[in-house]
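Just so we're aligned: the sequence shown equals residues 197 to 631 in the numbering used here. Backbone N, C-alpha and C fix where the C-beta goes; we use that ideal spot for every residue, glycine too. The model shown is predicted, which means the values in this text are computed figures rather than measured ones.
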Amino acid sequence: MSLVQVIGGGYVGLTTAASFCHLGHEVEVVELDPARRSKISSGSAPFFEPGLEALLEAGIRAKRLRVSSPDTAEYQSAEFVFLCLPTPDLPDGSADLSALYEAVAIAAPRLSAGTVVVSKSTVPVGTARQLEALLARSDIALVSNPEFLQEGAAVSAFLNAERVVIGADDAEAANRVAALYAGIEGRVVVTSVESAELAKHACNAFLATKLSFVNSIAALCELNGADISEVTEVMGSDSRIGPKFLNPGPGWGGSCFPKDSASLLHDARRAGFDFQLLQATIAANEQSFDRVVERISDSCGGDLKGRTVAVWGLAFKAGTADVRHSPALAVIARLHAAGASVVAFDPMVSRIEGVTVAEDEYAACAGAHALTVLTEWPQFQWADLGRVAEIMAARVVVDTRGIIDVDRATHAGLQVWSVGRAHHGGTPDASSVRS
Ligand code: UGA
């Protein structure tokens, strides 16, 4: 059993802390925010993440998990210090590393010799070297151990990791960090510090590129009478491509892909490389948002002024309440700019600035001239479409996630544009508007 200190009680920090605790380690979470600290110490998660609360509760009950402030943290007893701090994007696309620097500056003089400091936050390549310089302790090793956790499935992603990446100069420090993960079946990949940092960015940028590509192929399907689910089935059955991350959508978002792709692009430029592919990936994502709005506009007879659009879904994907860089918000901003009124519903998001949020999916549709599905919540898939058709002012659905059964919707009297499928039923015109 080792004392693992986790600095930062956000998605990554708490998942890391609760999972290490589950693996048998003693863990101290160091969190700045008192409200967050009191929630965690009572065994509740300050945000929605399936499975996390059960592990937190178990850790606290077993007295293996505790929470401290940066002032009271037991730095001197920590054998490992995991840095799990946010690295948000600055206006120029670069990552704001100030929280990391601050945490290292506080910990540096207090740590005991032999402690391993582990950088888990997603950071530009070269950050660990800067942290090492700031630490200025030759008796302390600094290791990069990037996270690959998907929100909504973070605990399972940690405990069933396909690989644990450890970037280290010091083989002994790498082995000690690897030993913390004993009990996890994924293979340990030891690399240089720089490779580990860049690998994390490369994974996210590659996945974002895969999605931009799929969304572009979906556009071609719509224009050519092909069906994206058939095309991706063929693509995904090629083991060189793989079946995951081939679901088309309104565009990609979340707290990671947009910020990390902007950061990688910024770092590439600074290093002297014009990363045109990544630039195109980001531009194609904006094009996806624009296309969704064009579709909605078409379905409203070509003009959104004075129209009301019902939006199903605000979270950036199903399984989370997170709306950071949500595609839904990008689409809503464009709808507002085009003069439409928006009434939204999301099962996990009840309030959001600048958006009218309805009580349920049906209330959102009352009097709407179009409905658009932007998050793939299962309850939307099984909604009573007859009821939806009854209360809308015009019976049009723009389904960007491809979860609405077109036959069922057609039977209910709705016209559906489903992502990556040729539109059936003709473009609705103004005469289909009932009020
Ligand atoms: C992403 C990565 O998947 C994680 O491996 C990584 O650790 C994490 O970022 C991070 O850097 O911390 P996450 O942001 O939770 O995880 O979200 P994803 O599940 O990757 O989804 C990102 C976006 O892609 C969402 O808007 C989602 O709806 C979209 N998506 C994903 C699709 O449109 N289609 C798909 O097939 C998959």
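- In summary, T268 is exposed, with fewer than 16 beta-carbon neighbours lying within 10 Å of its beta-carbon over all protein chains present.
- Straight-line spacing of the CA atoms in T311 and E390 works out to 21 Å.
- At the C-beta level, S457 and H521 stay beyond 8 Å of one another.
- Taking every protein chain shown into account, the CB of S614 has 16 or more other CB atoms within 10 angstroms, so this residue is buried.
- According to the DSSP assignment, A364 belongs to no beta strand (DSSP E), since it is labelled neither H nor E.
- In this structure L461 does not touch L473 by the C-beta definition: roughly 10 Å separates them, more than the 8 Å allowed.
- Counting only the Cα atoms, V602 lies some 27 Å from H532.
- Contact between the segment 270-280 and the segment 232-242 is absent: fewer than 3 CB-CB pairs across the two stretches fall below 8 Å.
- The beta carbon of V584 is closer than 6 Å to those of C561 in its chain, skipping five residues each way along the sequence.
- A straight line joining the alpha-carbon of F512 with that of P342 spans about 22 Å.
- Look at D595 here: in three-state DSSP terms it is strand.
- In this structure, the alpha-carbon of L567 lies about 26 Å from that of I478.
- The segment 419-499 contains no complete beta strand (DSSP E) run of 3 or more residues.
- With a threshold of 7 Å, the Cβ atom of S290 does not count as near the ligand UGA, since no heavy atom of the ligand is closer than that.
- Note that the C-beta distance between A370 and V386 is below 8 Å.
- In this structure, the straight-line span from the alpha carbon of A301 to that of V538 is close to 46 Å.
- In this structure, L261 has its CB at a distance of at least 7 Å from all heavy atoms of the ligand UGA.
- For E245, no beta strand (DSSP E) segment is defined, and its DSSP state is neither H nor E.
- A Cβ-Cβ distance of about 5 Å is found for the pair V553 and A540, placing them in contact under the 8 Å criterion.
- In terms of Cβ geometry, A350 and T571 do not form a close pair [threshold 8 Å].
- When the alpha-carbon of V519 is set against those of A415, W448 and E429, the nearest one is in W448.
- Of all C-beta pairs linking the segment 488-507 to the segment 581-600, three or more are shorter than 8 Å, placing the two stretches in contact.
- Short note on D463: C-beta not closer than 7 Å to any heavy atom of the ligand UGA.
- For Q326, the enclosing alpha helix (DSSP H) starts and ends at T323 to L331.
- The closest heavy atom of the ligand UGA lies less than 7 Å from the beta carbon of D456.
- The beta-bridge partner set that DSSP reports for T568 consists of V507 and V594.
- According to the DSSP secondary-structure assignment, D285 is paired through a beta bridge with A291.
- Here DSSP, grouped into helix, strand and coil, assigns Q611 to strand.
- Excluding the 5 residues flanking it on each side, I548 has same chain C-beta neighbours closer than 7 Å at L510 and V519, in chain order.
- Shown here, D580 sits in coil according to DSSP, grouped into three states, outside any helix or strand.
- Here C280 is near G209, since their CB atoms are less than 8 Å apart.
- Relative to the ligand UGA, C417 has its C-beta separated by 7 Å or more from all heavy atoms.
- Remark: fewer than three beta-carbon pairs, one from each stretch, lie closer than 8 Å, so the segment 403-416 and the segment 345-364 are not flagged as touching.
- Not one heavy atom of the ligand UGA falls within 7 Å of the beta-carbon of G382.
- For E482, the shortest separation between its Cβ and any heavy atom of the ligand UGA does not lie below 7 Å.
- Taking V551 as reference, the option from F243, V339, G468 and A524 with the minimal CA-CA separation is A524.
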